[in-house]
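Asker: Following this message is one structure expressed as structure tokens.
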Ligand code: BGC
């Protein structure tokens, strides 16, 4: 009997020891897994933060200056500040990091962007749609505004596009140009200046309007004037300003990839504010196709400026083929007008510009300003 109870006590003792050992094992396995999960979560948060800070081509902030327009332009009021915006993107984040993180003072972007890739394939065979372009360019802000996230852009550039009924061309322009301009690390905005009504087209006057309207919105220092149907084939052809007025579309497919004549200044050009003001802006009285670009060239030459150009290789571009627009027939007066630029330029230009804004629309990828420019 005593032997029996001693045996069962011994068995019970061994079972208890086994249970205790199993418990210890269980606790240690739990502790190991818990500690490892903490490591992983910490690493994830760190990774998220460094990803958000170093991602190229993204803006830190949406706080572009706003403008209040009597005719209903949407403003950027209430956009988050730089620090707020970054905080929102970084969720989740340990609370102590919020107070410790210094506000990053951005350095100037390099003279030549390191993001450039060189020659590009450009074709117009596949249609593109605005939703797709928007998705592919998440860093472009409302109204077609962008500035680099990691550095302060070398220049603030307004891109002015004279426009009427060329929506398909505009989609291609946005599709190709937004990625290029972001890689060029510019602080830019896209302004489509739409001529209202069906009167005869006036390209140069629309460009003048673009200059004035863009400046109401932001302190732009450089203006790129681009036709809607011209797409650069090399992103090293930077859409910015130089010490002399710049002609950017120097080798178009339409002209066999060369300049049609030495004084040619059509297609895409850029001018700083100073250069533009020195020539009293552009002529307002070239109605219909042709001559206004030659007049602009004459203005520049008469003020002793020369034309800066990229190389033929970097300046290659493609034009979207199209029929001549209605109400933009060749202007028969252009030859006479070009012959008199020196006499007319002081009175006809930015100082005599008059127009009426009909509508300002802020789209995801561009700002469209519809204007009544009158008639001849
Ligand atoms: C016109 C310009 C045009 C050029 C190239 C010239 O005759 O005056 O306006 O850009 O031809 O087509």
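In my numbering, the protein residues as written are 10 to 385. Where is the CB? At the ideal position from N, CA and C, for every residue including glycine. Given the structure is predicted, the values throughout are model-derived calculations rather than measurements.
1. Terminal residues of the continuous beta strand (DSSP E) containing residue 158?
2. Using the three-state DSSP reduction, which class does residue 279 fall into: helix, strand or coil?
3. Between residue 277 and residue 232, is the Cβ-Cβ spacing less than 9 Å?
4. Whole beta strand (DSSP E) runs in the segment 311 to 342 with 3 or more residues, listed along the chain?
5. Can you tell me where the alpha helix (DSSP H) with residue 141 in it begins and where it stops?
6. Which of the three DSSP states, helix, strand or coil, is assigned to residue 379?
7. Let me know the alpha helix (DSSP H) ranges lying completely inside the segment 181 to 264, each 4 residues or longer, listed in chain order.
8. Could you tell me the distance, in whole angstroms, from the CA atom of residue 81 to the CA atom of residue 260?
9. Mind checking residue 375: buried by the 16 CB within 10 Å criterion, or exposed?
10. Could you give the DSSP three-state label for residue 149: helix, strand or coil?
11. Give me the residue from 234, 264, 286 and 30 with the minimum Cα distance to residue 168.
12. Apply the 10 Å Cβ neighbour rule to residue 270 and answer buried if 16 or more other Cβ atoms are within range, or exposed otherwise.
13. Are three or more beta carbon pairs between the segment 243 to 252 and the segment 330 to 346 nearer than 8 Å?
14. Can you determine whether any heavy atom of the ligand BGC sits closer than 8 Å to the C-beta of residue 301, and answer yes or no?
15. Skipping 5 residues on each side, what residues in its chain have a beta carbon closer than 8 Å to that of residue 352?
16. Looking at the secondary structure, which residues open and close the beta strand (DSSP E) in which residue 389 lies?
17. For residue 272, which residues from the same chain have a beta carbon less than 6 Å from its beta carbon, with the 5 sequence-adjacent residues on both sides left out?
18. Rounding to the nearest angstrom, what Cα-Cα distance links residue 181 and residue 251 in this structure?
19. With burial defined as no fewer than 16 other Cβ atoms inside 10 Å of the residue's Cβ, what is the status of residue 379: buried or exposed?
20. Relative to the ligand BGC, is the shortest distance from any of its heavy atoms to the C-beta of residue 154 smaller than 8 Å?
21. For residue 254 and residue 214, I'd like the C-alpha separation in whole angstroms.
22. In the DSSP assignment, what are the bridge partners of residue 298?
23. Might you give, ordered along the chain, the residues of its own chain that have their beta carbon closer than 7 Å to the beta carbon of residue 285, omitting 5 neighbours on each side?
24. Given a cut-off of 9 Å on the beta-carbon distance, is the pair residue 171 and residue 204 in contact?
25. Between the Cα of residue 356 and those of 308, 280 and 208, spot the shortest distance and give me the residue it belongs to.
26. Are residue 383 and residue 340 closer than 9 Å when you measure CB to CB?
27. Applying the 10 Å Cβ sphere with the 16-neighbour rule, what's the burial state of residue 304?
28. Where DSSP assigns a beta bridge to residue 172, which residues make up the other side?
29. Can you tell which of 289, 198 and 136 has the C-alpha that lies nearest to the C-alpha of residue 153?
30. Between residue 169 and the ligand BGC, is there a pair consisting of the residue's CB and a ligand heavy atom that are separated by less than 8 Å?
31. Quick check on the DSSP output: the alpha helix (DSSP H) that includes residue 353 runs from which residue to which?
32. Answer with buried or exposed for residue 122, where buried requires no fewer than 16 other C-beta atoms within 10 angstroms of its C-beta.
33. Quick one: Cα of residue 148 to Cα of residue 157, how far?
34. Might you give, ordered along the chain, the residues of its own chain that have their beta carbon closer than 8 Å to the beta carbon of residue 50, omitting 5 neighbours on each side?
35. Just to check, is the beta-carbon of residue 356 closer than 8 Å to a non-hydrogen atom of the ligand HEM?
Answerer: Put simply:
1. By one-based count along the chain shown, residue 158 stands at place 149. It is not in any beta strand (DSSP E) - residue 158 carries neither H nor E in the DSSP assignment.
2. Residue 279 sits at position 270 when you count from the first residue of the chain shown. Note: residue 279 maps to strand in three-state DSSP.
3. Residue mapping note: residue 277 aligns to position 268 of the chain shown, counting from 1. Residue mapping note: residue 232 aligns to position 223 of the chain shown, counting from 1. The criterion of a C-beta distance shorter than 9 Å is not satisfied by residue 277 and residue 232.
4. Runs of the beta strand (DSSP E) inside the segment 311 to 342: 325 to 328.
5. As a first step, residue 141 must be located in the chain shown, where it is residue number 132. DSSP places residue 141 in the uninterrupted alpha helix (DSSP H) bounded by 139 to 145.
6. Locating residue 379 in the chain shown gives position 370, counting from the first residue. In this structure, DSSP gives residue 379 an extended state, which the three-state scheme calls strand.
7. Runs found: 212 to 226.
8. Reading the chain shown from its first residue, position 72 is the one you call residue 81. Reading the chain shown from its first residue, position 251 is the one you call residue 260. Because residue 81 carries a pLDDT of 32, less than 50, the predicted location of this residue cannot be relied on, and no value is offered for it.
9. Here residue 375 refers to the residue found at position 366 of the chain shown. Answer is buried; the Cβ neighbour count reaches 16.
10. Locating residue 149 in the chain shown gives position 140, where the first residue counts as 1. In the structure shown, residue 149 adopts coil according to DSSP, grouped into three states.
11. Numbered from 1 along the chain shown, position 159 holds the residue referred to as residue 168. It is 234 whose Cα lies nearest to the Cα of residue 168.
12. Counted from its first residue, the chain shown places residue 270 at position 261. The C-beta of residue 270 has fewer than 16 other C-beta atoms within 10 Å across all chains shown, which makes the residue exposed.
13. No, they do not touch.
14. Position 292 of the chain shown, counted from the start, is the residue given in the question as residue 301. With a cutoff of 8 Å, residue 301 counts as near the ligand BGC, since its C-beta is closer than that to a heavy atom of the ligand.
15. Looking up residue 352 in the chain shown gives position 343. Cβ within range, chain order: n/a, list empty.
16. Nothing in the structure corresponds to residue 389, since the chain is present only between 10 and 385.
17. Against the chain shown, residue 272 aligns to sequence position 263. Closer than 6 Å at Cβ, skipping near neighbours: 306.
18. On the chain shown, residue 181 is found 172 positions in, with the first residue counted as 1. On the chain shown, residue 251 is found 242 positions in, with the first residue counted as 1. In a straight line, the C-alpha of residue 181 is about 27 Å away from that of residue 251.
19. Start at 1 with the first residue of the chain shown, and residue 379 comes out as number 370. Classification of residue 379: buried, given that the 10 Å Cβ count is 16 or more.
20. Against the chain shown, residue 154 aligns to sequence position 145. False, no ligand heavy atom lies under 8 Å from that Cβ.
21. Here residue 254 refers to the residue found at position 245 when the chain shown is read from its first residue. Here residue 214 refers to the residue found at position 205 when the chain shown is read from its first residue. Going from the Cα of residue 254 to the Cα of residue 214 covers about 19 Å.
22. Here residue 298 is taken as the residue at index 289 of the chain shown, counted from 1. Partner(s): 339.
23. Working through the chain shown from its first residue, we reach residue 285 at position 276. Excluding residues up to 5 positions away in sequence, 220 and 232 lie with their Cβ nearer than 7 Å to the Cβ of residue 285 in the same chain.
24. As a first step, residue 171 must be located in the chain shown, where it is residue number 162. As a first step, residue 204 must be located in the chain shown, where it is residue number 195. Going by C-beta atoms, residue 171 is nearer than 9 Å to residue 204.
25. Here residue 356 refers to the residue found at position 347 of the chain shown. Residue 308 is the option with its Cα nearest to residue 356.
26. Counting from 1 along the chain shown, the entry for residue 383 is found at position 374. Counting from 1 along the chain shown, the entry for residue 340 is found at position 331. In this structure, residue 340 does not lie closer than 9 Å to residue 383 by Cβ.
27. Here the question's residue 304 lines up with position 295 in the chain shown. Its Cβ being crowded by 16 or more others within 10 Å, residue 304 is buried.
28. Position 163 of the chain shown, counting from 1, holds the residue named residue 172. Beta-bridge pairing links residue 172 to 203.
29. One-based indexing of the chain shown puts residue 153 at position 144. Checking every option, the nearest Cα to that of residue 153 belongs to 198.
30. The residue labelled residue 169 in the question sits at position 160 within the chain shown. Incorrect: residue 169 has no Cβ contact closer than 8 Å to the ligand BGC.
31. If you number the chain shown from 1, residue 353 lands on position 344. In the DSSP assignment, residue 353 falls within the unbroken alpha helix (DSSP H) covering 350 to 353.
32. Position 113 of the chain shown, counted from the start, is the residue given in the question as residue 122. Label assigned to residue 122: buried.
33. Counting from one through the chain shown, the residue named residue 148 turns up at place 139. Counting from one through the chain shown, the residue named residue 157 turns up at place 148. If I take the Cα positions, the gap works out to 9 Å.
34. Start at 1 with the first residue of the chain shown, and residue 50 comes out as number 41. Reliability of the predicted coordinates at residue 50 is poor, the pLDDT of 39 falling under 50, and no value is obtained from them.
35. With respect to the ligand HEM, the structure offers nothing, as its ligand set consists of the ligand BGC.
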